[in-house]
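Protein chains: 2
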Amino acid sequence: MQGSREKGAPICVGLDPVLEKLPEEVRHGVDGRSAADAAQAIYTFCSGVLAAVAPYVPCVKLQSACFERYLWPGVEAYHRLIDEARELGLLVVADAKRGDIGISAEHYAAGCLAEPTYEDMGELAGPDALTINGYLGADSIEPFLDVARKQGKGLFVLVRTSNPGGDALQSLTLSDGRPVSDAVAQMVATLGGGAADIGESGYSLLGAVVGATKPADAARLRLIMPRSIFLVPGYGAQGGGVKDVLPCFNKDGTGALITASRSVLFAFAKNTQVDWRSAVREAALQMRDEVKSGIGW
Amino acid sequence: MQGSREKGAPICVGLDPVLEKLPEEVRHGVDGRSAADAAQAIYTFCSGVLAAVAPYVPCVKLQSACFERYLWPGVEAYHRLIDEARELGLLVVADAKRGDIGISAEHYAAGCLAEPTYEDMGELAGPDALTINGYLGADSIEPFLDVARKQGKGLFVLVRTSNPGGDALQSLTLSDGRPVSDAVAQMVATLGGGAADIGESGYSLLGAVVGATKPADAARLRLIMPRSIFLVPGYGAQGGGVKDVLPCFNKDGTGALITASRSVLFAFAKNTQVDWRSAVREAALQMRDEVKSGIGW
Numbered sequence: 003m004q005g006s007r008e009k010g011a012p013i014c015v016g017l018d019p020v021l022e023k024l025p026e027e028v029r030h031g032v033d034g035r036s037a038a039d040a041a042q043a044i045y046t047f048c049s050g051v052l053a054a055v056a057p058y059v060p061c062v063k064l065q066s067a068c069f070e071r072y073l074w075p076g077v078e079a080y081h082r083l084i085d086e087a088r089e090l091g092l093l094v095v096a097d098a099k100r101g102d103i104g105i106s107a108e109h110y111a112a113g114c115l116a117e118p119t120y121e122d123m124g125e126l127a128g129p130d131a132l133t134i135n136g137y138l139g140a141d142s143i144e145p146f147l148d149v150a151r152k153q154g155k156g157l158f159v160l161v162r163t164s165n166p167g168g169d170a171l172q173s174l175t176l177s178d179g180r181p182v183s184d185a186v187a188q189m190v191a192t193l194g195g196g197a198a199d200i201g202e203s204g205y206s207l208l209g210a211v212v213g214a215t216k217p218a219d220a221a222r223l224r225l226i227m228p229r230s231i232f233l234v235p236g237y238g239a240q241g242g243g244v245k246d247v248l249p250c251f252n253k254d255g256t257g258a259l260i261t262a263s264r265s266v267l268f269a270f271a272k273n274t275q276v277d278w279r280s281a282v283r284e285a286a287l288q289m290r291d292e293v294k295s296g297i298g299w
Numbered sequence: 003m004q005g006s007r008e009k010g011a012p013i014c015v016g017l018d019p020v021l022e023k024l025p026e027e028v029r030h031g032v033d034g035r036s037a038a039d040a041a042q043a044i045y046t047f048c049s050g051v052l053a054a055v056a057p058y059v060p061c062v063k064l065q066s067a068c069f070e071r072y073l074w075p076g077v078e079a080y081h082r083l084i085d086e087a088r089e090l091g092l093l094v095v096a097d098a099k100r101g102d103i104g105i106s107a108e109h110y111a112a113g114c115l116a117e118p119t120y121e122d123m124g125e126l127a128g129p130d131a132l133t134i135n136g137y138l139g140a141d142s143i144e145p146f147l148d149v150a151r152k153q154g155k156g157l158f159v160l161v162r163t164s165n166p167g168g169d170a171l172q173s174l175t176l177s178d179g180r181p182v183s184d185a186v187a188q189m190v191a192t193l194g195g196g197a198a199d200i201g202e203s204g205y206s207l208l209g210a211v212v213g214a215t216k217p218a219d220a221a222r223l224r225l226i227m228p229r230s231i232f233l234v235p236g237y238g239a240q241g242g243g244v245k246d247v248l249p250c251f252n253k254d255g256t257g258a259l260i261t262a263s264r265s266v267l268f269a270f271a272k273n274t275q276v277d278w279r280s281a282v283r284e285a286a287l288q289m290r291d292e293v294k295s296g297i298g299w
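Protein chains in written order, with our numbering: chain A, 3 to 299; chain B, 3 to 299.
Below, the structure is given as structure tokens:
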């Protein structure tokens, strides 16, 4: 991923803001009765996090749900933060996990991935990549691919998720012996495997979400999707450590983007000796060094 | 579904507005360069559709993608329309197909399904039901169930979709001989099968999306999920007719909600002899009569 070498490691800080967990100096007693005030508080917090981590990490991921909760003021904050992160030179993954068919998928691709072209929304940049759900099949992915191809963006299809319940469907065995997740992986490898979709890095614009808590699955999925970048959530708070994420990389130490959210974002709760921004920065640096050392960069 | 008997048939009109297809008298030359103007135009159109169909159909479904395309002004229009539809006595399905884990799922449940409690957003009602994607497993569904249980709302899990590409994953055969969609159906039947989740109607608050274009699958899925209401998109423009949707019903003619979007919403394009609202109303009435007659109500 662009910027990973310069900044030391292919890591991503997840912005999943939760009002109740914000530092009191940011929250100022905002209790969520006003959507606009709540959106402003999480915007201020995330803006501070972006400034704190931008010099040290290549990428951030914004969790759309945390913003949608505050209706349209939250959605505005989400788009403003995407723009702000891009201005700071960060790669931005929009974690919205959208999935629909036909013209609905086209609309999601236009609203959640494409560069905005509106004349009345102020300065706005779109994200570099979007997470999508492939349960509806290839024709639900194609409209997103169209935008990604035209605008040089990326996609991460949910293949193997980090939550305990992910097994229920993703680990079911198919009649040919493969788990369901491998069939989704094969769809990703096929759809994004054309020469035109492979960039200078050797990786496709079509990536995959593979949870850090499933190392055995990651090793198998790495072979099925050699050209896909893995977005790997679940590092840190969800229990995945540096050894667990190693199978997500190709042998040359490339091909994965390791994501931590809560362990970095709310680091100030456990590190009260320093300013909250410093605590977040320190946690990001610690994660960077762990991953850098683990993959041997 | 509540209101279906009074209004003659269990049908749902899908609001999937597309700016370029609006009647010129509503669109007034708006070309999409202004997100606020585009959101206003689709709001005005949908508001007219709601008024036209409310006396004749029990339910509407709003396609979130069509509104999210216009960023936060679109999202505001979406929420205003949900409130307006509820005021008109319509049941409202929010078709947002959300799916995530843990606290992200809680945030989606709060923002996309729950009754809004904000003091600064004006009069707002939440939808009666939400579509969700179950690829991430039961723990991605539970947070939505919590809200549905507490607030008397419903959910429709994507089980078998109406698009051609849906087969790629949903029709794969598992080692026990079932297709993948049947495993998702079993998860729905189990999760929503508790006595407390079954309403007076005999149906669970946890329903399923089953496309109108897959009648053979629908018959099988009906047996797996006898207590789930099926939300059946794909009637009309997507090729599913009244015979195709009959297997979605239980033997007593209940248990399915048949949805048409484009064939009703844009009926004025083919019926230019009357006002656009009348054309939409006529198409809704025609669909109502077809379904009513087909299921023998």
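All residues carry an ideal CB built from backbone N, CA and C; glycine is no exception.
Best match in A:Gly257, A:Val282, A:Gln275 for proximity to arginine 7 (chain A) [C-alpha to C-alpha]: A:Gly257
- prompt: According to a CB-to-CB cut-off of less than 9 Å, which residues of the segment 210-222 of chain B neighbour chain A?
  reply: none
message: Any beta carbon from chain B within less than 8 Å of isoleucine 105 (chain A)'s own beta carbon?
response: yes
- request: Determine the contact status of aspartate 148 (chain A) and valine 95 (chain A), defining contact as a CB-CB distance below 8 Å.
  value: no
field: Distance between leucine 52 (chain B) and arginine 88 (chain B) (C-alpha atoms, nearest Å)
entry: Distance from the CA atom of arginine 88 (chain B) to the CA atom of leucine 52 (chain B), rounded to whole angstroms, is 10 Å.
- request: State yes or no: is the beta carbon of serine 265 (chain B) nearer than 8 Å to at least one beta carbon in chain A?
  value: no
query: CA-CA distance, alanine 98 (chain B) and alanine 67 (chain B)?
result: One C-alpha to the other measures close to 7 Å.
- prompt: Can you name the residues that DSSP bridges to leucine 93 (chain A)?
  reply: A:Cys61
Residues, ordered as in the chain, of the segment 159-170 of chain A that lie near chain B by beta-carbon distance below 9 Å: Cβ contacts with chain B come from Leu160, Thr163, Ser164, Asn165, Pro166, Gly167, Gly168, Asp169, Ala170.
- request: Quick one: give me the first and last residue of the beta strand (DSSP E) that glycine 101 (chain B) is part of.
  value: It is not in any beta strand (DSSP E) - glycine 101 (chain B) carries neither H nor E in the DSSP assignment.
query: Counting contacts by CB-CB distance shorter than 8 Å, is lysine 99 (chain A) in contact with chain B?
result: yes
query: If you check the beta carbons only, do cysteine 250 (chain B) and valine 212 (chain B) fall under 8 Å apart?
result: Yes. Within cutoff.
- request: Please work out which residues of its chain come closer than 6 Å, Cβ to Cβ, to tyrosine 72 (chain A), disregarding the five sequence neighbours upstream and downstream, and give them in chain order.
  value: Ala37, Ala40, Ala41
task: Report the three-state DSSP secondary structure of phenylalanine 251 (chain A) (helix, strand or coil).
output: coil
field: Spatially closest choice to serine 265 (chain B) from B:Leu21, B:Gly238, B:Lys23, B:Ala170, by CA coordinates
entry: Its Cα nearest to that of serine 265 (chain B), the residue B:Gly238 stands out among B:Leu21, B:Gly238, B:Lys23, B:Ala170.
message: For histidine 30 (chain A), count the other beta carbons within 10 Å of its own beta carbon; 16 or more makes it buried, fewer makes it exposed. Which is it?
response: Taking all protein chains in view, the Cβ of histidine 30 (chain A) is surrounded by fewer than 16 other Cβ atoms within 10 Å, so the residue is classified as exposed.
field: Pick from A:Gln65, A:Val282, A:Val59 that is closest to alanine 11 (chain A), judged by C-alpha positions
entry: A:Val59
query: Is the segment 136-143 of chain B touching the segment 163-180 of chain A in the sense that three or more CB pairs, one from each, lie closer than 8 Å?
result: yes
- request: Output yes if chain A places a C-beta closer than 8 Å to the C-beta of valine 95 (chain B); else output no.
  value: no
- prompt: Given a threshold of 16 other Cβ atoms within 10 Å of its Cβ, counted over all protein chains shown, does glutamine 275 (chain B) qualify as buried or as exposed?
  reply: exposed
message: To the nearest angstrom, how far is the alpha carbon of leucine 193 (chain A) from that of histidine 109 (chain B)?
response: 31 Å
- prompt: What's the C-alpha gap between glycine 242 (chain A) and alanine 285 (chain A)?
  reply: 16 Å
field: Within-8 Å CB hit, tyrosine 110 (chain A) to chain B
entry: For tyrosine 110 (chain A), the answer is yes, since a Cβ of chain B falls inside 8 Å of its Cβ.
message: As a quick exercise: from A:Cys14, A:Gly16, A:Gln4, A:Phe47, pick the residue whose alpha carbon is nearest that of glutamate 22 (chain A).
response: Answer by Cα proximity: A:Phe47.
- prompt: In chain A, which residues lie less than 7 Å from arginine 35 (chain B) when you measure between Cβ atoms?
  reply: Tyr120, Glu121
task: Write down the C-beta distance between leucine 174 (chain B) and alanine 185 (chain A) rounded to the nearest angstrom, noting that I regard them as a contact closer than 8 Å.
output: 6 Å
query: In this structure, does DSSP put alanine 271 (chain A) in helix, strand or coil?
result: helix
Segments of 3+ residues assigned as beta strand (DSSP E) that fall wholly inside the segment 25-73 of chain B: 61-65
task: Kindly indicate which residue of B:His81, B:Gly101, B:Ile103, B:Leu90 has the alpha-carbon position closest to the one of methionine 123 (chain B).
output: B:His81
- prompt: Thinking C-beta only, is glycine 101 (chain B) closer than 8 Å to asparagine 273 (chain A)?
  reply: Remark: C-beta atoms of asparagine 273 (chain A) and glycine 101 (chain B) do not approach each other more closely than 8 Å.
query: Between glutamate 86 (chain A) and chain B, is there a C-beta pair that is closer than 8 Å?
result: no
field: Cβ neighbours of proline 19 (chain A) in the same chain (closer than 6 Å, five flanking residues each side left out)
entry: Ile44, Phe47, Cys48, Cys68
- request: Determine the direct distance from the alpha carbon of proline 118 (chain B) to that of leucine 83 (chain B), and round the result to whole angstroms.
  value: 14 Å
query: valine 20 (chain B) versus chain A: which residues are under 7 Å apart at the beta carbon?
result: Ile105
- request: Can you give me the Cβ contacts of lysine 63 (chain A) inside the same chain, cut-off strictly under 6 Å, excluding the 5 residues immediately before and after it?
  value: Cys14, Gly16, Val95, Asp97, Thr261
Endpoints, beta strand (DSSP E) assigned at arginine 222 (chain B): Here arginine 222 (chain B) belongs to no beta strand (DSSP E); instead the alpha helix (DSSP H) covers 217-226.
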